[in-house]
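Here's the structure we're looking at; comments come further down.
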Amino acid sequence: MKSSSTQGVGARLARKEDDRYLRGQGEFVGDIHRPGMLEVAFARSPVAHARIVSIEKPAGAEDRVFTMEDLRGVQPIRAISGLPGFKPSDLWPLAKDKVRHVGEPVAMCVAATRAEAEDLAAQVFVDYEELPAVVDMVQARTAPSALVHEHWGDNVFLETLYDDDLSAAKASAPIQIRRHIRTARQSMAPMEGRGVLCEWNTRLGQLEMYSSAQMPHINRAGLSECLGLDQGAIRVIAPDVGGGFGYKGILLSEEICLGWLARNLHKPVRWLEDRREQLVASTNCREHDYDITVYAERDGKLIGIDCDATVDSGAYSLYPFSACLEAAQVGSILPGPYKMDHYRCHTWSACTNKPPILPYRGVARTGVCFALELMLDAVAREANIEPFEVRLRNLVQPHEMPFDNITKKHFDSGDYPESVRQAISAINLPAWREKQKAGLPDGRRIGIGLSVYCEQGAHGTSVYAGWGIPMVPGHEQCFARLSPDGVFEVRIGAQSHGQSLETTLAQVANEILGVDPQNVRVIHGDTGLTPYSTGTWGSRCMVMSGGAVATASKEIAVRVKKIAGKIMEVAEQDLVLEHGAVRVAGTDRSMTLAEVAHIWYRKPQLLPADVDPAGLEVTAGYKTLRDSGTFSYACHALVIALDTALGHSEILDYVIVEDGGTLVNPMVVDGQIYGGTAQGIGTALYEEMPYDSEGQPLASTLADYMLPGPTEVPEPRIVHMSTPSPYTEFGQKGIGEGGAIAPPAAIINAINDALAPLGAELTTSPASPRRVLAAIEAARLRQAA
Amino acid sequence: MAVNKKPVSFQVNGRTIQATLEPRLHLADFLRDHEHLTGTHIGCEHGVCGACTLEIDGVPARACLTYTVSCEGAEVRTIEGLEHDPVMVQLRAAFTSEHALQCGYCTPGMLVTARDIVLRLPDADEARIRKELSGNLCRCTGYVGIVHAIQKVQQQRKVTT
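Top to bottom, those sequences are chains P and W. One point on numbering: in our numbering, the residue at position 557 of the first sequence is 1152, and numbering is uninterrupted. One point on numbering: in our numbering, the residue at position 59 of the second sequence is 102, and numbering is uninterrupted.
Okay, here's the thing in structure tokens:
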């Protein structure tokens, strides 16, 4: 492998995709118009839990308003899990008999403009017989106020148990700490909402759907099941997509509705989610509850963990990830890179009258990291040692790599303790500890916090087969073609919506073929043009799509050499590929790729009769050497100033020491880390989707749901380590999610560090001023009592 | 629903628009659906996210909070109308070199605000730039590249002027 070439793997290459966005010429679903196109608005449930007694369409508009009864032949979304005991839920694209969360679509309304469609939706009269709402996830399973799906008999999608005997630890561990830890429900909030445009193509007998989607091939599979069309009768195109983060990794009820409508109306139809729909009706994420006990030696060495974890999965199981991925994942990933002899974890995927959840950037890792890292700081306080010492005493050591942890997660490579040491050094812990004694001149307290996480990326078949969900990743394919003009075209089934694949995959092609990245055309996000893929999720594209592009490029290199060898009358093994040309090694004889391609396609008469007819188009597949995933990781360390009168915290310095293996484009990697960290800061301090006791959402605008802005997010200092993965093409690891995992734990550890002298401790995110002040007040009352 | 339409006349990117419109139609919807100027993006339609930021009479404004019929006599400039603007040319290059965009959805609004900062506050420091940018949300970049790009263009303009 060449390293840090000017345009290949390791280059800080500027992005090829930028230009269209910078001119306002990106093409998002909302930018696409079709002649005669109609707009759709949905009438949605205003209540969290009710039986539908009747639905009345507005008089005179019966042919423009559709209910589930009209959608004949359409099947419900059924996202099952193969894990034993899983209870499936039927999600009808328009509610039938019952509504189970505020915002659930009840009727579809069509008009020439969105405003007129909304006028119609406002006139749909639904008679609801209200039922008690199930709102709190723990009460949902221990003391249910109602049953969300009556025939289940309880409100639990799935229970999992990672069992162990902790009685010895309980009897003798010198440090035993138990905490109740919670993370708020969140909205993923990409800047562009979802959007769907459908048109029925009579000539092809094909539904053409533009959707703001992360995994178009999976959407096609789900649509095929629900609409009863064969997969070839559906083409899903994800054009420019304005951010995903997991929010667009889903088969939508709205996609099914519009697919049915376009086919039956024979007119193009479009629905664009507005922000209010996104906040109050669409999917949420992240709501975890932990009752966790950590057992440790006096010096902070871990003995074991005992945890009861509940995840609020909302009302339905969504396609393809299911309602149980998140909670079941908690059970398998809580120990992370830490060593311990005992581990027990009982998890519940609770069903409530709230919108269903989806896996958000980092999935369960953000919650798990929050729970465990808060506990490790509590252990440090109990043991009276620096929090980083607890990490150094318990993290997997570099000589133990590759490492199978207690839940049999296979860590491919890395030096975790070194990331902690470098972070402590970069943040300058001793200097801050000194300043902390006096506090800041304005009276604010200083707190220093850190957290460590690992991020499993590029999950393979063995990791996902066990979940038994509708989608299991396997090998990844790339279709590659050297065009007659020498432009290299690569097609992948994933979708790039900010990940920069149009640039980084061109760098991969450059690395193998020497072709100028400007002469590489990356085509993605279209089931009609690309090979099957599970899509863009789980930090997988740079490993899997990157591996597939490399494999296809190698095959093209072989083909090019065969043809050029015939033309130049030299042996293939004497040819080298560089700078967009094939050259006879040690000479200045060469042909450009364009010249080779031109002869192949346009002047085959110049080729000898015995040339291999395989041509310059290939579909090649790729699989990592081991499919247990790549593990990137980082240590985040930061300093906050905490105003104990107002409860407000300000980040004074933020350091990230990160190891993503080989970096294909370090500029893009930094961008992913900055952006992920900003989202993690939102999770830590601002973002919360609260519900009242009747299941009504209390944040319905971006003025209530606080996204971090330019004044809330600092510029973190990033330090790179680089331990290549032994299992991937260039040693790269998935890094897309990591930034969002560590901040809540590190920031609230810093707040707790500042609060420690007051005897106060925060165990719930986000650390809103109200929560900080409540923790201080609770400590004051405790001490007074 | 019967709605009384109202006539309005204004300029968009130097072109005169004369239309009779529903009063409830906001400027972003008008530009996108009637004029097919889709560079003005819609993110929240309640004036918080800044994705629809454009210029009305030379000042950045929210298209989603502006009723089209209230634009009588106004000069509206969208990202499309700033294609050849010399500051925008510099900003586009700086946004690319500083990796100031990922998904690209907030980008047109960011650029309009960034241009205003560069022209109005050539000496703004990082803290001031961030404050001025705080009406524009980005969910991808963590703002690092955007702030750097603005600083870069500030520097370039000092050298050349």
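Ideal Cβ placement from N, Cα and C applies to all residues, glycine included. A quick note: this is a predicted structure, and the numbers were derived from the prediction, not measured.
In this structure, W/Asn56 is the residue among W/Asn56, W/Leu134, W/Thr203, W/Lys174 with its C-alpha nearest to the C-alpha of W/Asp100. Counting only runs of at least 4 residues, the region 128 to 170 of chain W fully encloses the following alpha helix (DSSP H) elements, listed from N- to C-terminal order: 129 to 140, 150 to 163. Spanning the alpha carbons of P/Ala1101 and P/Val1213 requires a straight line of approximately 17 Å. As DSSP reads the structure, P/Tyr885 sits in a beta bridge with P/Ile776, P/Ala904. The C-beta of P/Ala1240 has fewer than 16 other C-beta atoms within 10 Å across all chains shown, which makes the residue exposed. Between P/Arg960 and P/Tyr1048, the C-beta gap is smaller than 8 Å, which places the two residues in contact. The beta-bridge partner set that DSSP reports for P/Ser806 consists of P/Val791. Between the alpha carbons of P/Ser1288 and P/Val1103 lies a distance of about 53 Å. By the 16-neighbour rule on beta-carbons within 10 angstroms, P/Phe840 is buried. Within the region 1128 to 1215 of chain P, the complete beta strand (DSSP E) segments at least 3 residues long are 1170 to 1173, 1176 to 1179, 1185 to 1187, listed from N- to C-terminus.
Under the three-state reduction of DSSP, P/Tyr890 is assigned to strand.
If you check the CB distance, P/Leu1302 and P/Gly1277 come in under 8 Å. Within the same chain, Cβ atoms closer than 7 Å to the Cβ of P/Gln1094 are found at Thr1131, Cys1136, Gly1331, the five residues on either side in sequence being excluded.
Only residues of its own chain outside the window of five on either side were considered, and among them Pro982, Val985, Gly1044, Asn1344, Asn1347, Asp1348 have a CB closer than 8 Å to the CB of P/Asp972, listed in chain order.
Closest in C-alpha terms to P/Ala717, from the list P/Ser917, P/Val705, P/Pro1309, comes P/Val705. When the five nearest sequence neighbours on each side are left out, the beta carbons in the same chain lying within less than 6 Å of the beta carbon of P/Ser740 are those of Pro727, Val729, in order along the chain.
The straight-line gap separating the alpha-carbon atoms of P/Ala738 and P/Pro630 is approximately 54 Å. In chain order, Ser640, Ala690 place their CB closer than 6 Å to the CB of P/Glu699, counting only its own chain and leaving out the 5 sequence neighbours on each side. Distance between P/Thr942 and P/Ala1380, taken at the CA atoms: about 35 Å. Residue state for P/Thr1122 is assigned as coil, using DSSP reduced to three classes. P/Phe681 sits in coil when the DSSP states are folded into three classes, being neither helix nor strand. The continuous stretches of beta strand (DSSP E) do not include P/Gly1275, which lies in the alpha helix (DSSP H) extending over residues 1261 to 1276. The beta carbon of P/Glu711 sits closer than 8 Å to the beta carbons of Glu634 from its chain, once the five residues preceding and following it are set aside; these are given in chain order. Take the alpha-carbon of P/Asp613 and the one of W/Ile189: they are about 13 Å apart. Residues of the region 1089 to 1117 of chain P with a C-beta less than 8 Å from any C-beta of chain W: His1092, Gly1093, Gln1094, Ser1095, listed in chain order. For P/Pro1364, same chain residues with a beta-carbon under 7 Å away, outside a window of 5 residues either side, are Leu1241, Gly1242, His1243 in chain order. The C-beta of P/Gln602 comes no closer than 8 Å to any C-beta of chain W. Counting only the Cα atoms, P/Gly1034 lies some 28 Å from P/Gly895.
Interface annotation for the region 1282 to 1313 of chain P against chain W: Thr1296, Leu1297, Ala1298, Leu1302, Gly1304, Pro1305, Thr1306, Val1308, Glu1310, criterion Cβ-Cβ distance under 7 Å.
Against W/Phe138, the close residues of chain P are Asp613, Leu617, in the order they occur along the chain (beta-carbon pairs closer than 8 Å). Listed as beta-bridge partners of P/Lys1218 by DSSP are no residues whatsoever.
Taking W/Gln145 as reference, the option from P/Lys693, P/His1092, P/Ala1060 with the minimal CA-CA separation is P/His1092.
P/Asp1080 is classed as exposed because its beta carbon has fewer than 16 other beta carbons within 10 Å across all chains shown. Contact annotation: P/Ser927 and P/Lys1004 have beta-carbon atoms nearer than 8 Å. Annotation: the continuous alpha helix (DSSP H) that includes P/Asp1348 extends over 1338 to 1350.
Note that the C-beta distance between P/Ser1148 and P/Ile1087 is not below 8 Å.
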